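S.K.:
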Amino acid sequence: MKTEFIKNYVSTVASFNRNVRLLLLRTIAMGLYAGIHGLIFNFYILEMGYKTDFLGLLLSISLMASSAMSIPAGVLCDRFDRRKLLIISSVLAMAATLPVFLLRDPAVMLLFSAAGGIFGSVSAVCLTPILSDNCDRNGTVHVFSANASLGWIASVIGCALGGVLPGLMIAHLPIGRSGYQLTLLASMTLLAISCMFALLLKKGRTCADPSPITKPHKPKFRFSLKDLRPSPTVLKFTLTSVTFGVASGMIVPYFNVYFMKVLHMDVFQIGVISAAAGAFMLVGFIITPYLTAHIGKVRSAVFTKLISAPFVVLMAFTKDFVIAAGAYVVYMFLINMAGPATTSFQMEQIKKHEQGFAVGLMSTGSCLAVSASSFISGLLISHGNYTVPFILTCAGYIATAVLLYHYFKDVEAVPLLRPLAKAIAD
22 MKTEFIKNYV
32 STVASFNRNV
42 RLLLLRTIAM
52 GLYAGIHGLI
62 FNFYILEMGY
72 KTDFLGLLLS
82 ISLMASSAMS
92 IPAGVLCDRF
102 DRRKLLIISS
112 VLAMAATLPV
122 FLLRDPAVML
132 LFSAAGGIFG
142 SVSAVCLTPI
152 LSDNCDRNGT
162 VHVFSANASL
172 GWIASVIGCA
182 LGGVLPGLMI
192 AHLPIGRSGY
202 QLTLLASMTL
212 LAISCMFALL
222 LKKGRTCADP
232 SPITKPHKPK
242 FRFSLKDLRP
252 SPTVLKFTLT
262 SVTFGVASGM
272 IVPYFNVYFM
282 KVLHMDVFQI
292 GVISAAAGAF
302 MLVGFIITPY
312 LTAHIGKVRS
322 AVFTKLISAP
332 FVVLMAFTKD
342 FVIAAGAYVV
352 YMFLINMAGP
362 ATTSFQMEQI
372 KKHEQGFAVG
382 LMSTGSCLAV
392 SASSFISGLL
402 ISHGNYTVPF
412 ILTCAGYIAT
422 AVLLYHYFKD
432 VEAVPLLRPL
442 AKAIAD
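Residue numbers for the sequence shown follow this note's numbering, beginning at 22 and rising by one.
#1: Within this structure, are the beta carbons of L327 and A348 separated by less than 8 Å?
#2: Counting only the same chain and skipping the five closest in sequence on each side, list residues whose C-beta sits under 7 Å from that of E68.
#3: CB T261 to CB L425, shorter than 8 Å?
#4: With F354 and G305 assumed to form a contact (beta carbons below 8 Å), what rounded beta-carbon distance in angstroms separates them?
#5: Determine the DSSP secondary structure at D287, reduced to helix, strand or coil.
#6: Would a C-beta distance cut-off of 8 Å place T421 and A362 closer than the cut-off?
#7: What do you get for V96, buried or exposed, if any count of 16 or more other CB atoms within 10 angstroms of its CB means buried?
#8: Just the C-alpha distance for R39 and S32, rounded to the nearest angstrom, thanks.
#9: I'd like to confirm something about G179: is its beta-carbon nearer than 7 Å to some heavy atom of the ligand GTP, or not?
#10: Use the C-beta contact count for R320: other C-beta atoms within 10 angstroms, 16 or more gives buried, fewer gives exposed.
#11: Note down the Cα distance separating M252 from F258, rounded to an integer number of angstroms.
#12: Excluding the five sequence neighbours on either side, which residues of its own chain have a C-beta within less than 7 Å of the C-beta of S36, listed in chain order?
#13: In the structure shown, what three-state DSSP assignment does G377 receive?
#14: Taking 8 Å as the cut-off, decide whether the C-beta atoms of L152 and L44 are in contact.
#15: Near T149, what residues of its chain come up, given a Cβ to Cβ distance below 6 Å and the 5 sequence neighbours on each side ignored?
#16: Please list, in chain order, all residues of the same chain as A268 whose beta carbon is under 6 Å from its beta carbon, the five residues on each side excluded.
#17: In angstroms, rounded to a whole number, what distance separates the CA positions of S464 and F165?
#18: Whose C-beta lies closer than 8 Å to the C-beta of G56 among residues of the same chain, with five residues either side of it excluded?
#19: Residues in the same chain with beta-carbon distance under 6 Å from M190, minus the five sequence neighbours each way, listed in chain order, please.
#20: Give a yes or no on whether the C-beta atoms belonging to V143 and S384 are separated by under 8 Å.
#21: When you compare only the Cα positions, how much space is there between I92 and T313?
#22: Would you grab the beta carbon distance between A345 and A322 for me? Rounded to a whole angstrom, and I think it's under 8 Å.
#23: Keeping to the same chain, check which residues put their C-beta closer than 6 Å to that of V263; ignore five residues upstream and five downstream.
#24: What do you get for R104, buried or exposed, if any count of 16 or more other CB atoms within 10 angstroms of its CB means buried?
#25: For the stretch 115-150, list the alpha helix (DSSP H) runs that are entirely contained and at least 4 residues long, ordered along the chain.
#26: Does K373 pass the burial test, meaning 16 or more other C-beta atoms within 10 Å, or should it be called exposed?
#27: Under 7 Å Cβ to Cβ from A114, same chain only, skipping five residues before and after it: list those, please.
#28: Assuming L76 and I66 make a contact with CB atoms under 8 Å, what is their CB distance in whole Å?
#29: Are the CB atoms of C167 and V351 nearer to each other than 8 Å?
#30: Using the C-alpha atoms, what's the distance from A50 back to G70?
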């Protein structure tokens, strides 16, 4: 049975059309870049002599610009050709990144960091609807599962490359620049490759809903506040994104601190646990299509969120290293497992002409929720209170599961019950 499942999964992935394969290759290139950048960019800024306050400002301004652009990016995504927007925004994001790696003027670095966040937001918002446009309804879970899996693997490999390349750059390219800067400049090649994959995309299916927004694009851009009026379905998904964001922001950014300060783990132990959790996350992404085929996308998301909650509580109340490590690995496996299924279900339920706006709205809501809950949790943790953030995280996941089930339990038929329903009907 296990062998047959793996064969079916590989066969399904191999059957993806050309556009999906190109988008997955783009995800790999972006994942490699993100892994390298995420590991050494902070070191590069500090190496230049800047303090952590400037580093924080540089990172936050990019995030704020990206968040502020999410909803406008969604409107653009629904109004214009998504493929062209992906290409243009990817190229502009790459162009905005280069000065940050080359120049040293703080104002210029902040300006281009914000620009990179804006253009990166457009390409990020466009990606999910484009993936949905280019895959069959029955294959959406496999596509989003493969996208998550490949992106995760690529980011891990990118982190490894980020740890090795600076030393190699210094040894073989003694041109008076730091190893961090040379590595970041070399990683721009990956951004260029990702742009190339986007350029190779062929025009796929476009919005097909009978809505004025989906008619052939007009030369004049017409905007109305009605375009910013989300449908009830979008509002429901946004609310669940907010509750999930509140839960995640409460403790996820502080896991390493908790392990070190409360459980007295060293860096090596934390690294081993993180690696194990990453491996199990990958397994979860791969088996997600199998789970959704049996109980459906909605119930998969509800089930995994509910059963992850006890492991969050277990981490809050145990002081045993082994138990906490095991609970963390299982938690990471479960809470991330249904992500591709949830994204797939969202794209199926949201009308084509508002998918971009919906992704932007959900992204903004989630980002604001994570930011607010992280700030509140930081205040609690600064006074040594880890229990309340863990409990609130658990409550947030349960609330998300309850809302998903309440809103969408009747929208999707349970696959296991279809044969029974057919037999009764006959």
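We treat Cβ as the ideally placed atom computed from N, Cα and C, and that holds for glycine. On a predicted model such as this, the values are computed, not experimentally measured, just so you know.
M.R.: If we stick to the structure as given:
#1: By one-based count along the sequence shown, residue 327 stands at place 306. By one-based count along the sequence shown, residue 348 stands at place 327. No, the pair does not count as a contact, with Cβ atoms beyond the cut-off.
#2: Here residue 68 refers to the residue found at position 47 when the sequence shown is read from its first residue. The residues are S199, Y201.
#3: Indexing the sequence shown from 1 puts residue 261 at position 240. Indexing the sequence shown from 1 puts residue 425 at position 404. Their beta carbons are under 8 Å apart, which means T261 touches L425 by this criterion.
#4: As a first step, residue 354 is located in the sequence shown; it is residue number 333 there, counting from the start. As a first step, residue 305 is located in the sequence shown; it is residue number 284 there, counting from the start. At roughly 5 Å, the Cβ-Cβ gap stays under 8 Å, so F354 and G305 are in contact.
#5: For the purposes of this step, residue 287 is taken as the residue at position 266 of the sequence shown. Residue state, collapsed to three classes: coil.
#6: Here residue 421 corresponds to residue number 400 of the sequence shown, with the count starting at 1. Here residue 362 corresponds to residue number 341 of the sequence shown, with the count starting at 1. Contact: no.
#7: Residue numbering aside, residue 96 sits at position 75 when the sequence shown is read from its first letter. Classification of V96: buried, given that the 10 Å Cβ count is 16 or more.
#8: Within the sequence shown, numbered from 1, the residue matching residue 39 stands at position 18. Within the sequence shown, numbered from 1, the residue matching residue 32 stands at position 11. Looking at the two C-alpha atoms, the distance is approximately 15 Å.
#9: The ligand GTP is absent from the structure shown, which contains no ligand whatsoever.
#10: Sequence index remark: in the sequence shown, residue 320 carries index 299 (1-based). Classification for R320: buried.
#11: The residue labelled residue 252 in the question sits at position 231 within the sequence shown. The residue labelled residue 258 in the question sits at position 237 within the sequence shown. Checking the displayed sequence, the identity of residue 252 turns out to be Ser instead of Met. Taking the straight line from one Cα to the other gives about 10 Å.
#12: Taking the first residue of the sequence shown as 1, we reach residue 36 at position 15. The answer is none, since no qualifying residue turns up.
#13: Walking along the sequence shown from the start, residue 377 turns up at place 356. In this structure, G377 counts as helix in the three-state DSSP scheme.
#14: By one-based count along the sequence shown, residue 152 stands at place 131. By one-based count along the sequence shown, residue 44 stands at place 23. Yes, Cβ-Cβ distance for L152 and L44 is below 8 Å.
#15: Translated into positions along the sequence shown, residue 149 becomes position 128. Cβ neighbours of T149 beyond the five flanking positions: V380.
#16: Working through the sequence shown from its first residue, we reach residue 268 at position 247. Excluding positions up to five away in sequence, the list reads T414, G417, Y418.
#17: There is simply no residue 464 to check, as the chain begins at 22 and stops at 447 in what is shown.
#18: Against the sequence shown, residue 56 aligns to sequence position 35. Same-chain partners within the cutoff: A175, S176, V177, I178, G179, C180, A181, L182, G183.
#19: As a working mapping, residue 190 is identified with position 169 in the sequence shown. Excluding sequence neighbours, M190 sits near G200, L203, T204.
#20: For the purposes of this step, residue 143 is identified with residue 122 of the sequence shown, where counting begins at 1. For the purposes of this step, residue 384 is identified with residue 363 of the sequence shown, where counting begins at 1. Result no, Cβ atoms of V143 and S384 do not sit closer than 8 Å.
#21: Taking the first residue of the sequence shown as 1, we reach residue 92 at position 71. Taking the first residue of the sequence shown as 1, we reach residue 313 at position 292. Distance between the alpha carbons of I92 and T313 is about 30 Å.
#22: To locate residue 345, count along the sequence shown from 1; it is residue 324. To locate residue 322, count along the sequence shown from 1; it is residue 301. At roughly 26 Å, the Cβ-Cβ gap does not stay under 8 Å, so A345 and A322 are not in contact.
#23: Your numbering for residue 263 matches position 242 in the sequence shown. Closer than 6 Å at Cβ, skipping near neighbours: G386, A390.
#24: In the sequence shown, the residue the question calls residue 104 occupies position 83. Buried, since its Cβ has 16 or more Cβ neighbours within 10 Å.
#25: none
#26: As a first step, residue 373 must be located in the sequence shown, where it is residue number 352. Its Cβ being crowded by 16 or more others within 10 Å, K373 is buried.
#27: Against the sequence shown, residue 114 aligns to sequence position 93. Here the set comprises G137, F140, G141, S144.
#28: Taking the first residue of the sequence shown as 1, we reach residue 76 at position 55. Taking the first residue of the sequence shown as 1, we reach residue 66 at position 45. Correct: roughly 5 Å between the Cβ atoms.
#29: As a working note, residue 167 is residue 146 in the sequence shown. As a working note, residue 351 is residue 330 in the sequence shown. A small fix is needed here, since residue 167 is Ala in this sequence, not Cys. No. Outside cutoff.
#30: Counting from one through the sequence shown, the residue named residue 70 turns up at place 49. Counting from one through the sequence shown, the residue named residue 50 turns up at place 29. Roughly 30 Å between the two C-alpha positions.
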